[in-house]
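In the order they appear, the protein sequences are chains A and B. The first sequence lines up with residues 1 to 224 when you count with my numbering. The second sequence lines up with residues 1001 to 1224 when you count with my numbering. We put the beta carbon where it would ideally sit given N, CA and C, even for glycine.
Number of protein chains: 2
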Amino acid sequence: MDVINIFLTSDLGESLEDFVHDQRRFTFDQMGPEGPKRLVEGPMWAFVDWVMPELAGLELCRRLRADPRTIDAHVTMVLEEDNPEDRRRALRAGADDYVVGPLTRTAVLDRVLALQSRTSERQATRRYELGALTIDMSSLQARWNETPIVLRPNEFRLLRFLAENPNRVLTREDLIAGLGKREPAIDERTVDVWIGRLRRAIKAAGGGNPLRTVRSLGYVFDLG
Amino acid sequence: MDVINIFLTSDLGESLEDFVHDQRRFTFDQMGPEGPKRLVEGPMWAFVDWVMPELAGLELCRRLRADPRTIDAHVTMVLEEDNPEDRRRALRAGADDYVVGPLTRTAVLDRVLALQSRTSERQATRRYELGALTIDMSSLQARWNETPIVLRPNEFRLLRFLAENPNRVLTREDLIAGLGKREPAIDERTVDVWIGRLRRAIKAAGGGNPLRTVRSLGYVFDLG
DNA sequence: CAGGCTTGTGACGCGATTGTGACTGGATTT
DNA sequence: AAATCCAGTCACAATCGCGTCACAAGCCTG
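This is the structure in structure tokens:
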């Protein structure tokens, strides 16, 4: 599967409507009532427009992160204006990059081209190497010293999110949000079970325990 | 300027009144008649209590956003109850995060610690380096010459507070207050036990004893 | 549509954490 | 030197949070 570059914008603009044409299409059918209003996409990129200006964009970003079809997409958020808060929020929601809108056709095209050139480099980057642990995002396979770790979907997402934020305490809330599970609300204690199952899976592959519990706060992926 | 973590709450509670002490202070003098009732703050965080429960909080949040002194602060709103409407309003007003109250002093302090690690990610990660001792606030991990020190939560809080005020005698009262323990009242002699446990943990990691006892006064973290 | 796999949740028990009183030994004072 | 003071340490109990299990509902697959 090709790398998809996804642009999230709350103001897609008529001018972009036919910017991408004659391409295959897929729909984010799981998006729900607050989902994208329009979706224009091609094999290497997609533009997603949403209805609600504020939260839906971040929420959409999280869902894209959780969806296996777009889990390794390159997500760019289009910000209304350039302020540090929006930037921070976007990145925290899982966006890889951001640009400040509104976008002209040429600006987007430049951006897409730049992303495409980075794509090959990104192919190599789509692999986390954290000590003995490697996570290959293209085959969705995690290994401990070449030994495959048998993971269920949710455990894989959890491991990926933890590995993306090594040496950082992640609260149970962070983890729930990071896996894109906002609806319905998840009990925080459930995270304990996730961690337990993930630890067991790693151990079953002969691995150690890189997941440290920080009492009354959350968990850390210890690296180094 | 350091990142400030601001907690907005309509129910600060008496117990938090002197939670942060002996720190530099500034006032939000532009706040106007609906401004904060009390402001308790330190170099890295602030608790703002307001009079009107509903609108004033949101308004305050917007003003903090506009004020150059707090423009890049991390604002957390404390919500009375957990409903999506309030959450959306809080975020729309510029809040970065929210928690559902009421909060205990220790819980708030822990929260601040976790937030510091997140908000400072774009800067150099928050980290104390005191001779052979390093305290990494993002992973909540202390080390002595790269050797991890196994600390329980309270010991970590104690070490952090001591390390924040090196070469300064801290009374037992200071330490109790600095760790946010006011309810219930803590016997001052208990601090002796905390120090003892902390020393033992450092020694177990092959470390020395940077904690000097000042008889009849308190303890100092010796540096240099 | 049946069967298995996945996942969220309540319950349970255990272990970790922590405040406290008591005891001890060294330091300080008278 | 005796008396007093004070810090270090230990054992213990109460509490709190975490790991784990079993179960049920959901989801996917054939």
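Contacts that residue i makes with chain A (C-beta to C-beta distance below 9 Å)
i                       : result
residue 1153 of chain B : 214, 215, 216 and 217
Inter-residue Cα distance where the pair is residue i and residue j
i                       : j                       : result
residue 158 of chain A  : residue 174 of chain A  : 11 Å
residue 181 of chain A  : residue 189 of chain A  : 14 Å
residue 132 of chain A  : residue 1177 of chain B : 43 Å
residue 1193 of chain B : residue 1164 of chain B : 20 Å
residue 1179 of chain B : residue 171 of chain A  : 20 Å
residue 1221 of chain B : residue 1211 of chain B : 5 Å
residue 957 of chain B  : residue 1169 of chain B : Because chain B here runs from 1001 to 1224, residue 957 of chain B falls outside it and cannot be looked at.
residue 1204 of chain B : residue 206 of chain A  : 28 Å
residue 213 of chain A  : residue 1213 of chain B : 32 Å
residue 1027 of chain B : residue 1139 of chain B : Low confidence applies to residue 1027 of chain B: its pLDDT is 32, below 50, so where it sits in the model is not reliable, and the reading given next is rough at best. Answer to the nearest angstrom: the Cα atoms are 32 Å apart.
residue 1128 of chain B : residue 186 of chain A  : 35 Å
residue 1223 of chain B : residue 1162 of chain B : 11 Å
residue 1199 of chain B : residue 1184 of chain B : 25 Å
residue 1136 of chain B : residue 130 of chain A  : 19 Å
residue 1191 of chain B : residue 154 of chain A  : 44 Å
residue 1143 of chain B : residue 143 of chain A  : 29 Å
Residue i: contacting residues in chain A (beta-carbon distance under 8 Å)
i                       : result
residue 1140 of chain B : 169, 214, 217 and 220
Residue i in three-state terms, based on DSSP
i                       : result
residue 1198 of chain B : helix
residue 1136 of chain B : strand
residue 1149 of chain B : strand
residue 164 of chain A  : helix
residue 158 of chain A  : helix
residue 215 of chain A  : coil
residue 1129 of chain B : strand
residue 1205 of chain B : coil
residue 1210 of chain B : coil
residue 175 of chain A  : helix
residue 1193 of chain B : helix
residue 1220 of chain B : strand
residue 1185 of chain B : coil
Proximity winner among the options, relative to residue i (alpha-carbon distances)
i                       : options                       : result
residue 1160 of chain B : B:1148, B:1147 and B:1141     : B:1141
residue 218 of chain A  : A:167, A:207, A:127 and A:155 : A:167
residue 152 of chain A  : A:177, A:132 and A:197        : A:197
residue 1145 of chain B : B:1134, B:1215 and B:1185     : B:1134
residue 149 of chain A  : A:162, A:201 and A:195        : A:201
residue 156 of chain A  : A:195, A:186 and A:185        : A:195
residue 1208 of chain B : B:1187, B:1186 and B:1147     : B:1147
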